[in-house]
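Visitor: I am attaching a structure below and will ask some questions about it afterwards.
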Amino acid sequence: MSVTSRDEEKLRKAGDLGADYLLKTDRDWTAKMKDEKFDIILDSIGPALFPKIH
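At position 29 of the sequence shown the residue is numbered 76 (my numbering), and the sequence of numbers has no breaks.
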């Protein structure tokens, strides 16, 4: 499992739960994941954007 986030605490928690890759979204993680294949992609926008959704 790969987890992307800007938040270090969220990445730490994901690592504690067994994530294989912890990637900061504000860095070039695409190069690191270039040769990886994905079966499922879950994109969660999170509460920061909830007020902007109508």
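Just so you know, even glycine gets a beta-carbon here, dropped at the ideal spot from N, CA and C.
Can you round the beta-carbon distance between residue 53 and residue 71 to whole angstroms, since I take them to be within the 8 Å contact cut?
Guide: On the sequence shown, position 6 is the one that residue 53 refers to. On the sequence shown, position 24 is the one that residue 71 refers to. The pair is a contact, with the Cβ atoms about 6 Å apart (cut-off 8 Å).
Visitor: Since residue 69 and residue 78 are thought to touch, with beta carbons under 8 Å apart, how far apart are those beta carbons, to the nearest angstrom?
Guide: The sequence position of residue 69 within the sequence shown is 22, counting from 1. The sequence position of residue 78 within the sequence shown is 31, counting from 1. Their Cβ separation, rounded to whole angstroms, is 15 Å, which puts residue 69 and residue 78 out of contact at 8 Å.
Visitor: Can you name the start and end residues of the alpha helix (DSSP H) that residue 58 belongs to?
Guide: Here residue 58 refers to the residue found at position 11 of the sequence shown. Taken as a continuous stretch (DSSP letters only), the alpha helix (DSSP H) holding residue 58 covers 55-63.
Visitor: Taking the alpha helix (DSSP H) that residue 79 falls in, what are its first and last residues?
Guide: In the sequence shown, residue 79 corresponds to position 32, counting from 1. Note, residue 79: alpha helix (DSSP H), 76-79.
Visitor: Spatial neighbours of residue 76 within its chain, please: C-beta separation below 7 Å, excluding the five flanking residues on both sides.
Guide: Along the sequence shown, one-based indexing puts residue 76 at 29. The answer, listed in chain order, is 51 and 70.
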